[in-house]
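Colleague:
Residue numbers (my numbering): 57 to 591.
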């Protein structure tokens, strides 16, 4: 009968002796057993196994084990050194050769002062001997947890979440250090920051908020380090932000009647410790703005501009402000111009058969020499077809256009003068005219034996037959009875002399009437006083 006894010494050089140990055998007499043992030193190192990896990663090496005995070995490997691990048990069959055993190096700390981590692996063998392996580990600096690349529009706040893992079984506090790698020269217009510290519970993970903001386009790269100030262990991320154009920051709506102005304003922040000047650009002719705008250091400025449309309608455009340190600011302008109210009306008053000329005035706001096309909707009002306007000043320049009122009927006449230009827009000027009954004219002096010509115009809009009557037979007249519209009929008046032979002047009246006229045209008469002189 084989009886297996296992000896586990705990102290080198100490001898152990146990006498008269009774061994009870069922059905037989007890046997006495004496056991003695001595603990010897560890065997010579069989092999040195080297490991190399970044801290908090792993490196696995394989060793080969052989059993040349006739018995099966159930081995329990013993590791010394917190950075290594392997299977807790391994079985080697009798005469088994080169059975692999994996050793894993998992350094949780970096090497201090370039000293490698050291440990041992011991395989106790059933015959009282053992295999001893020396373990040497090089824990290199950690590599980046991740290399992060993001595209972010400029002037747009962005937050990147960085997961922070605590690999220890106790809480850790990390100090956060942000090292700017690109650009090499510090850029005060870029913000990349978060909290100075982050606390992470044991064996857990927590997100760190990294806030990024850039005013202008470019590539910005940083190394974000999380360091335990007690152990000096750290982890880090590299983050790169490609800052793209921001596009439209804001849409601004503006509405104004034609030739009236409305203003809008934009607030601009200067985060820099020195004053900055923005250049401005807008290609819309109806927008007035300064060419430059300055903002004091570390403050906010208000930029104002005006919209003064010249033509009714809706347009859109872009307003751009630029500074070399803060980049471009782009705004969309949505502009709506309402039709302008009529200009100040012009009033006329004259007698039927005559005309009146008045200068109608308006303000030209165009910055270029401009042609205005003139048109009236009533034939009693006349004006030039085209007038030229000089370039307008900042507040506009007054322009005059002559309007002639020649009434064709008694009473009130209304009309509209429309002036239009491709760039200057449209102006509406109301016209009001009053026609009074014709006033007597004269006296017209005529020497005996001579004649005079009195021009008479048909002021009506149609051909008309007129009646010409002179009250004294000493005067004779000659005139066409039918006169075309708006045409002049010359009346020839002849004075024969005083029938009595005296030199006393003779006076009389020439009366022109329209016998076939109806309505307001009936009853109208033109009276011309005549005076005949006999030398």
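Glycine included, each C-beta is placed from N, C-alpha and C at the ideal position.
Comparing C-alpha positions only, which one of 461, 464, 428, 440 sits nearest to residue 447?
Modeller: Comparing Cα-Cα distances from residue 447 to each of 461, 464, 428, 440, the minimum goes to 428.
Colleague: I believe residue 263 touches residue 217 by the beta-carbon criterion, under 8 Å. Please report the beta-carbon distance rounded to the nearest angstrom.
Modeller: That pair is a contact at about 4 Å.
Colleague: Where does residue 430 land, buried or exposed, given buried means 16+ other C-beta within 10 angstroms?
Modeller: Looking at its Cβ environment, which holds 16 or more other Cβ atoms inside 10 Å, residue 430 is buried.
Colleague: So what does DSSP say about residue 522, is it helix, strand or coil?
Modeller: Residue 522: coil per DSSP, three-state reduction.
Colleague: Reducing DSSP to helix, strand and coil, say where residue 263 ends up.
Modeller: DSSP places residue 263 in strand when its eight states are reduced to three.
Colleague: By Cβ distance, which residues of its chain are closer than 7 Å to residue 409, with the 5 residues on each side in sequence left out?
Modeller: Excluding residues within five positions, the ones whose Cβ falls inside 7 Å are 494, 513, 515, 582.
Colleague: Can you tell which of 367, 336, 370 has the C-alpha that lies nearest to the C-alpha of residue 387?
Modeller: The residue with the shortest Cα to Cα distance from residue 387 is 336.
Colleague: I need the straight-line Cα distance from residue 560 to residue 536, nearest angstrom please.
Modeller: Rounded to whole angstroms, residue 560 to residue 536 spans 31 Å at the Cα level.
Colleague: Please state the DSSP three-state secondary structure of residue 497.
Modeller: The answer is strand: DSSP assigns residue 497 an E or B state.
Colleague: Nearest to residue 593 by CA position, among 461, 111, 385, is which residue?
Modeller: The requested residue 593 does not occur in the structure, where the chain is confined to residues 57 to 591.
Colleague: Can you tell me where the beta strand (DSSP E) with residue 310 in it begins and where it stops?
Modeller: Per DSSP, residue 310 belongs to the beta strand (DSSP E) from 304-313.
Colleague: State the Cα-Cα distance for the pair residue 342 and residue 366, rounded to the nearest angstrom.
Modeller: Going by the C-alpha atoms only, they are around 7 Å apart.
Colleague: Which runs of the beta strand (DSSP E) fall wholly inside the region 390-454 and span at least 3 residues, in chain order?
Modeller: Listed in chain order, the complete beta strand (DSSP E) runs (minimum 3 residues) inside the region 390-454 are 402-407, 412-420, 426-432, 437-439, 442-445.
Colleague: Please check the pair residue 334 and residue 379, which I expect to be a contact at CB under 8 Å, by giving their CB distance rounded to whole angstroms.
Modeller: Sure, about 5 Å apart at Cβ, within 8 Å.
Colleague: Using CA atoms only, rank isn't needed, just tell me which of 100, 135, 160 is closest to residue 115.
Modeller: The shortest Cα separation from residue 115 among 100, 135, 160 belongs to 160.
Colleague: Straight-line CA distance for residue 508 to residue 548?
Modeller: Between residue 508 and residue 548, the C-alpha separation is close to 6 Å.
Colleague: Would you mind working out which of 122, 170, 382 sits nearest residue 350, comparing C-alpha positions?
Modeller: Cα-wise, what sits closest to residue 350 is 382.
Colleague: Under three-state DSSP, which class holds residue 223?
Modeller: Coil.
Colleague: Using the Cβ count rule (16 or more neighbours within 10 Å means buried), how would you classify residue 276?
Modeller: Buried, because 16 or more other Cβ atoms sit within 10 Å of the Cβ of residue 276.
Colleague: For residue 606, which residues of its own chain have a beta-carbon under 8 Å away from its beta-carbon, when the five flanking residues on both sides are left out?
Modeller: Only positions 57 to 591 of the chain appear in the structure, and residue 606 is not among them; the question remains open.
Colleague: Am I right that residue 77 and residue 89 are in contact with their C-beta atoms under 8 Å? What's the rounded C-beta distance?
Modeller: Between residue 89 and residue 77 the Cβ distance is about 4 Å, and since that is below 8 Å, they are a contact.
Colleague: By DSSP, does residue 79 sit in helix, in strand, or in coil?
Modeller: Correct three-state label for residue 79: strand.
Colleague: Helix or strand or just coil, what does DSSP make of residue 201?
Modeller: Coil.
Colleague: Which term fits residue 225, buried or exposed, when burial requires 16 or more other beta carbons within 10 angstroms of its beta carbon?
Modeller: With fewer than 16 Cβ atoms within 10 Å of its Cβ, residue 225 is classed as exposed.
Colleague: Only counting the same chain, and skipping five residues up and downstream in sequence, which positions put a Cβ closer than 8 Å to that of residue 183?
Modeller: Around residue 183: 125.
Colleague: From the DSSP output, in three-state form, read off residue 228 for me.
Modeller: Residue state, collapsed to three classes: strand.
Colleague: From residue 487 to residue 517, what distance separates their C-alpha atoms?
Modeller: For residue 487 and residue 517, the distance between alpha carbons rounds to 19 Å.
Colleague: Per DSSP, what kind of secondary structure is residue 155 in: helix, strand or coil?
Modeller: In the structure shown, residue 155 sits in a strand (DSSP, three-state: E or B).
Colleague: For residue 321, which residues in the same chain have their Cβ closer than 7 Å to its Cβ, ignoring the five residues on either side in sequence?
Modeller: Cβ neighbours of residue 321 beyond the five flanking positions: 358, 359, 360.
Colleague: Start and end of the beta strand (DSSP E) containing residue 467?
Modeller: Note, residue 467: beta strand (DSSP E), 467-477.
Colleague: Any contact between the region 324-334 and the region 301-311? By contact I mean 3 or more CB pairs, one from each, below 8 Å.
Modeller: Taking 8 Å as the limit for Cβ pairs, the verdict is that the region 301-311 does not touch the region 324-334.
Colleague: Hey, out of 110, 130, 534, 120, whose CA is closest to residue 139's CA?
Modeller: Of the candidates 110, 130, 534, 120, the one whose C-alpha sits nearest the C-alpha of residue 139 is 110.
Colleague: Given residue 562, which residues of its chain have a CB within under 7 Å of its CB, disregarding the five upstream and five downstream residues?
Modeller: Closer than 7 Å at the Cβ level, and outside the excluded window around residue 562, lie 528, 530, 554, 588.
Colleague: Looking at the unbroken beta strand (DSSP E) that takes in residue 180, where does it start and where does it end?
Modeller: From DSSP, the beta strand (DSSP E) with residue 180 extends over 173-180.
Colleague: Which same chain residues, not among the five before or five after residue 166, have their C-beta less than 6 Å away from its C-beta?
Modeller: Result list for residue 166: 111, 195, in chain order.
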